[in-house]
Structures are given as structure tokens and as C-alpha cells.
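A.B. asks:
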Amino acid sequence: MAASRYRRFLKLCEEWPVDETKRGRDLGAYLRQRVAQAFREGENTQIAEPEACDQMYESLARLHSNYYKLKYPRPRDTSFSGLSLEEYKLILSTGGARRKGPCLDAGCAQRLLQGCSALCTVLVRECSSTPEVICDPT
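Structure follows, in C-alpha cells:
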């Protein structure tokens, strides 16, 4: 049975994309590393908790297949900040803050700060008993 689990994880690793813009922080690369650690002996690896292993695989498979994205569709592809997906990808990439590009101008930074400020204000109003935990403006 361990052999079939190992093959399922290998197939998932092959299908899971690696984002080269997030070197050292990419989920696909991390997944490959963890599978290699967990299955050191390949198909001959003895699994201590098969149920937990199967549950982990099923959870990762749901993430990979966009199960939740399809089950709970978003009405719009925007966020509170108004930034586009490409702008977020640029900001979140490794070294994104040091790059120069269309997103990293003053307007983009201002929109992001305004969005964060607005969200902070709403959270502080909702949970006024512990505003320092929810929003640290410094």
C-alpha cells in the first residue's frame, strides 16, 4: 500500500507547478522536498500513520485541483486594495520590492496602503476590545 501512496504523491509533485519568482518560498518546491523526506526509501517506506498520510494527500489534491476555487467562486477578481493579480504577483515575487516596474510606482503603493488602512479601520471597529492585535499601524 505504501507503494501506491508514494506513486500518488510523486504524480502530485509532477503536476504541481513551481513558481521560479518565489525562490525559497514556493509551495511546489516545498512539497517536493517534504515528499522526498517522508518517502526516503521510495516505495519501500513504512508509513506510521496511513490515515493521516491519505488525508494529507487528499487535502493537497483538492488544493491542486482548485476544488475550493470552483466550489466558492469569487464574484470579482479584485481585492480590497484594487490591485490586479499581476501587480500582486510582482509584489510577492522574491525581490519584487527591489524591481522597477509599472506596479511599483507611487500610485500602486498608495492604493495598497489605502486598502490596508481601510481594512484596518473596519477590523478595529469590529473588534475594538483588542485593536493592537488586529492592526499595528507602525
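Add 662 to a position in the sequence shown, counting from 1, and you land on the number used in this note's numbering.
Built from N, CA and C at the ideal position, the CB exists for glycine as well.
For S755, which residues from the same chain have a beta carbon less than 7 Å from its beta carbon, with the 5 sequence-adjacent residues on both sides left out?
C.D. replies: Looking up residue 755 in the sequence shown gives position 93. The residues are T683, K684.
A.B. asks: Would you mind listing the alpha helix (DSSP H) stretches within the region 689–717 that are 4+ residues and don't spill past its ends, in chain order?
C.D. replies: Taking only runs of at least 4 residues, the alpha helix (DSSP H) segments lying wholly in the region 689–717 are 689–700.
A.B. asks: So L745 is in the alpha helix (DSSP H); what residue range does that whole segment cover?
C.D. replies: To locate residue 745, count along the sequence shown from 1; it is residue 83. Looking at the DSSP string, L745 is not in any alpha helix (DSSP H), and its letter there is neither H nor E.
A.B. asks: Ignore the nearest five residues each way along the sequence and tell me which others in H726's own chain have a CB closer than 8 Å to its CB.
C.D. replies: Locating residue 726 in the sequence shown gives position 64, where the first residue counts as 1. Correct list, in chain order: L674, E677, W678.
A.B. asks: Mind the definition here: the region 665–673 touches the region 706–720 only if three or more C-beta pairs lie below 8 Å; say whether that holds.
C.D. replies: A contact exists between the region 665–673 and the region 706–720.
A.B. asks: Can you grab the Cα-Cα spacing for the pair N706 / M663, in whole Å?
C.D. replies: Stepping through the sequence shown from its first residue, residue 706 is reached at position 44. Stepping through the sequence shown from its first residue, residue 663 is reached at position 1. If you take the alpha carbons of N706 and M663, they lie about 10 Å apart.
A.B. asks: Between which two residues does the alpha helix (DSSP H) harbouring R670 extend?
C.D. replies: In the sequence shown, counting from the first residue as 1, residue 670 sits at position 8. Note, R670: alpha helix (DSSP H), 664–677.
A.B. asks: Between the C-alpha atoms of S746 and A698, what's the straight-line distance to the nearest angstrom?
C.D. replies: Position 84 of the sequence shown, counted from the first residue, corresponds to residue 746. Position 36 of the sequence shown, counted from the first residue, corresponds to residue 698. Approximately 35 Å between the Cα atoms of the pair.
A.B. asks: Kindly list the residues whose CB is nearer than 6 Å to the CB of P737, restricted to its own chain and excluding five residues on each side of it in sequence; keep chain order.
C.D. replies: Counted from its first residue, the sequence shown places residue 737 at position 75. Same-chain partners within the cutoff: there are none.
A.B. asks: To which residues of the same chain is D681 closer than 6 Å at the C-beta, ignoring the five residues directly before and after it?
C.D. replies: On the sequence shown, residue 681 is found 19 positions in, with the first residue counted as 1. Only D688 meet the Cβ criterion.
A.B. asks: CB L722 to CB L693, shorter than 8 Å?
C.D. replies: As a position in the sequence shown, residue 722 is number 60, starting the count at 1. As a position in the sequence shown, residue 693 is number 31, starting the count at 1. In contact: L722 and L693 (Cβ atoms closer than 8 Å).
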